[in-house]
């Protein structure tokens, strides 16, 4: 019973991390219709900002986290204003935007490595003092609980935002048809900018929480991005409900999968799931 | 008559110029520096290792040059930054070999050395590399490996498990060449001591979530866990604690290798779990005067503490210098075969201890074992 409980908890924690990445990714995709590869580096940015303010400068850790989330959001917003918006104005294709986002990803990752070196860093200070909770015989740390709660909270906030706010309605309108949204008077550039801010802030939060759980390094964005993209596609690209479903499905499949076979097959399991869905259910679990 | 004098004059002039040219060329050759090329990770993830190596190389070369070099020839170090990337190292080495025309090559890391070995072999140059893998050296008589050895570490870990009287253990390993080699010799040696591996789990080198593999190990209820994953020690020990497995003794391959795994926090977990680690150079508790003297000089020169990489690099230059001096006496200072032949005869008492090479160019560096006591890594006996 203890083993199964722990396995389920491991799966839920993994699913929660993936869903944080997928939520932001899907939120941006929903509005812009392109795969923003720079989404992954926003996670690293969030982590490193907390490292700088909280560990290097010794500021209050909660304040550092707030700064990290905010700055990740601002950098995402900045990348839209400086790179993607000019391209959209020139009617650039989604392929061009994808390549541009890869450029943003690479450039920002390189800057992080230059500023902070490529050494692995951790955000936690004292392993011995971390609180561990027992749930039906399984263990979950305080940080992992925060990851789970954050994933649920971000999901709830995005759902409420999209459903009940004017901004959310504008996002949905742009998602349906950007041209028509412009015609009816929606300032699509402004709304998309805010979408990038929120999506990137979410990615930043994911990176910060991963940093507290396992650590940060400049290249941490790519594996997170890949898992986020897989869950987004599996769940239903552009659909935040689907992204969360896909994330927990992946978390469970990976952990239960490597329970049966060796741990080195974890990534293979993830990509096998992606290929299966692309072949047999490309619209994902939940259609847009 | 006048024409004959002119012709004789021209001939004499040409002869003087020719003799002068050859004399000057011979003079230049006799003082031409000996170029040592090094492809090192001076930036990127492994920069702290690459910089340490570069410092050790520079310190040794400065000392040798200040004493007259090799028969009057200065040693010149030409470094290229490979950023820890194999592809980058290939272009580094192309430049070092074809543009800089280095006489000897130095390299580090298995993936880097594997990427460049063919280019170096094609140019017939001697290469000294630091990597836990010996087969690159064993495959070429001009290649020499000076570093701690993955296979030797496997044997040492088996002895350490035997010393703690554990019989049923779990083995957790990253998927890599080094760990395959370590696992092979660990299995062979532990079989001699009646140690059974009741569970083996592996993970990819990029993985940071080891909870489920650790959980599988927990289910098998081993007496101890042997870990081969130098990149993951900080993650492994943290997650071991989270899953309530502190108390199951762990045996590690170079546990404090990365700075993130050698913090005060990490040491306290290692100490709490009575963790034992193989190690590859002197520990903080070592009082060897030669090592201490090297450490003091290094810190004075570079304002940081040396690592194993710096002291090995330092010794390698002295060993190379010894070989070059002997070849220089035979006017073969740039002859790779002569250099290799002399290196094989090495018996050097360096800053990191005695250094000799096997007939296949593999060094004999001792593997030690360390444990944390009162917050410091201290040596513990193996046999």
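Protein chains in written order, with the numbering used here: chain P, 1 to 288; chain L, 289 to 671.
From the three backbone atoms N, C-alpha and C, an ideal C-beta is built for every residue, glycine too.
None of the values given here were measured: they were computed from a predicted structure.
CB contact check: residue i to chain L, cutoff 9 Å
i, result
"residue 120 of chain P", "yes"
"residue 215 of chain P", "yes"
"residue 150 of chain P", "no"
"residue 41 of chain P", "no"
"residue 61 of chain P", "no"
"residue 153 of chain P", "no"
"residue 14 of chain P", "yes"
"residue 52 of chain P", "no"
"residue 112 of chain P", "no"
"residue 210 of chain P", "yes"
"residue 7 of chain P", "yes"
"residue 124 of chain P", "yes"
"residue 267 of chain P", "yes"
"residue 46 of chain P", "no"
When the options are compared against residue i, the one with the closest alpha-carbon
i, options, result
"residue 337 of chain L", "L:642, L:630, L:669, L:601", "L:601"
"residue 473 of chain L", "L:438, L:320, L:642, L:393", "L:438"
"residue 492 of chain L", "L:486, L:425, L:467", "L:467"
"residue 287 of chain P", "P:236, P:166, P:69", "P:236"
"residue 214 of chain P", "P:166, P:127, P:70", "P:127"
"residue 598 of chain L", "L:536, L:413, L:342, L:353", "L:342"
"residue 604 of chain L", "L:433, L:550, L:389", "L:433"
"residue 449 of chain L", "L:538, L:527, L:428", "L:538"
"residue 260 of chain P", "L:610, L:507, L:651", "L:507"
"residue 545 of chain L", "L:525, L:344, L:595", "L:595"
"residue 509 of chain L", "L:415, L:535, L:479", "L:535"
"residue 402 of chain L", "L:389, L:412, L:417, L:454", "L:417"
"residue 428 of chain L", "L:628, L:670, L:669", "L:628"
"residue 72 of chain P", "P:93, P:103, P:39", "P:39"
"residue 221 of chain P", "P:239, P:169, P:102", "P:102"
"residue 271 of chain P", "P:282, P:227, P:130, P:264", "P:227"
"residue 521 of chain L", "L:543, L:531, L:530, L:513", "L:543"
"residue 632 of chain L", "L:638, L:643, L:622, L:639", "L:643"
DSSP bridge partner residues for residue i (one or two, in chain order)
i, result
"residue 256 of chain P", "Its beta-bridge partners do not exist; DSSP assigns none."
"residue 637 of chain L", "L:642"
"residue 537 of chain L", "L:512"
"residue 664 of chain L", "L:661"
"residue 134 of chain P", "P:139"
"residue 567 of chain L", "L:656"
"residue 432 of chain L", "L:416"
"residue 461 of chain L", "L:490, L:516"
"residue 393 of chain L", "L:325, L:415"
"residue 650 of chain L", "L:433"
"residue 456 of chain L", "L:484"
"residue 216 of chain P", "P:121"
Below-9 Å beta-carbon distance, residue i vs any chain P residue
i, result
"residue 492 of chain L", "yes"
"residue 496 of chain L", "yes"
"residue 519 of chain L", "yes"
"residue 662 of chain L", "no"
"residue 338 of chain L", "no"
"residue 593 of chain L", "no"
"residue 283 of chain L", "Look at the range of chain L in this structure, 289 to 671, and you will see that residue 283 of chain L is not part of it."
Contact list for residue i against chain C, beta-carbon separation under 7 Å
i, result
"residue 117 of chain P", "Judged by its chain identifiers, the structure shown contains no chain C, and its protein chains are P and L."
Could you tell me whether the stretch 368-376 of chain L touches the stretch 577-587 of chain L, using the rule of 3 or more Cβ pairs below 8 Å? Under the three-pair Cβ rule at 8 Å, the stretch 368-376 of chain L does not count as touching the stretch 577-587 of chain L.
Could you check whether the stretch 92-106 of chain P touches the stretch 496-503 of chain L, counting it as contact only if at least three pairs of C-beta atoms, one from each stretch, sit closer than 8 Å? Contact between the stretch 92-106 of chain P and the stretch 496-503 of chain L is absent, with fewer than three C-beta pairs closer than 8 Å.
At what residue ranges does the stretch 310-381 of chain L contain a whole run of the alpha helix (DSSP H), taking only runs of 4 or more? Restricting attention to alpha helix (DSSP H) runs no shorter than 4 residues, the stretch 310-381 of chain L encloses them at 335-354, ordered along the chain.
Do the stretch 175-195 of chain P and the stretch 11-18 of chain P touch if we need at least three Cβ pairs shorter than 8 Å? Output reads no: the stretch 11-18 of chain P does not touch the stretch 175-195 of chain P.
Would you check if the stretch 252-260 of chain P and the stretch 35-46 of chain P touch, i.e. whether three or more CB-CB distances between them fall below 8 Å? Taking one beta carbon from each stretch, the stretch 35-46 of chain P and the stretch 252-260 of chain P have fewer than 3 pairs nearer than 8 Å; the two do not touch.
Would you say the stretch 223-238 of chain P touches the stretch 141-154 of chain P, given that touching needs at least three Cβ pairs under 8 Å? Flag = no, the stretch 223-238 of chain P and the stretch 141-154 of chain P do not touch.
Answer yes if the stretch 74-84 of chain P comes into contact with the stretch 238-248 of chain P, meaning at least three C-beta pairs across the two stretches below 8 Å, and no otherwise. The stretch 238-248 of chain P makes no contact with the stretch 74-84 of chain P: fewer than 3 CB pairs, one atom from each, lie closer than 8 Å.
As an exercise, report each continuous alpha helix (DSSP H) stretch of at least 4 residues that is fully enclosed by the stretch 1-35 of chain P, in chain order. With a minimum length of 4 residues, the continuous alpha helix (DSSP H) runs that stay inside the stretch 1-35 of chain P are 2-32.
Evaluate the contact criterion for the stretch 317-336 of chain L versus the stretch 112-121 of chain P: three or more CB pairs, one atom per stretch, below 8 Å. Verdict: yes, contact present.
I want to know whether the stretch 525-533 of chain L touches the stretch 552-564 of chain L - three or more CB-CB distances under 8 Å. Short answer: they touch.
Is it the case that the stretch 193-209 of chain P contacts the stretch 103-115 of chain P, given that we only count it when at least three CB pairs across the two stretches are under 8 Å? No, the stretch 103-115 of chain P is not in contact with the stretch 193-209 of chain P.
May I have a chain-ordered list of the alpha helix (DSSP H) segments no shorter than 4 residues that lie completely inside the stretch 129-204 of chain P? Correct list: 142-164, 166-176, 178-183.
When you compare the stretch 85-94 of chain P with the stretch 152-169 of chain P, are there three or more beta-carbon pairs, one atom per stretch, that lie closer than 8 Å? Segments in contact, no.
I'd like to know if the stretch 392-409 of chain L and the stretch 566-578 of chain L are in contact, where contact means that at least 3 CB-CB pairs between them fall below 8 Å. Judged by pairs of C-beta atoms under 8 Å, the stretch 392-409 of chain L does not touch the stretch 566-578 of chain L, as fewer than three such pairs exist.
Answer yes if the stretch 476-483 of chain L comes into contact with the stretch 604-624 of chain L, meaning at least three C-beta pairs across the two stretches below 8 Å, and no otherwise. Contact fails: fewer than three Cβ-Cβ distances are below 8 Å.
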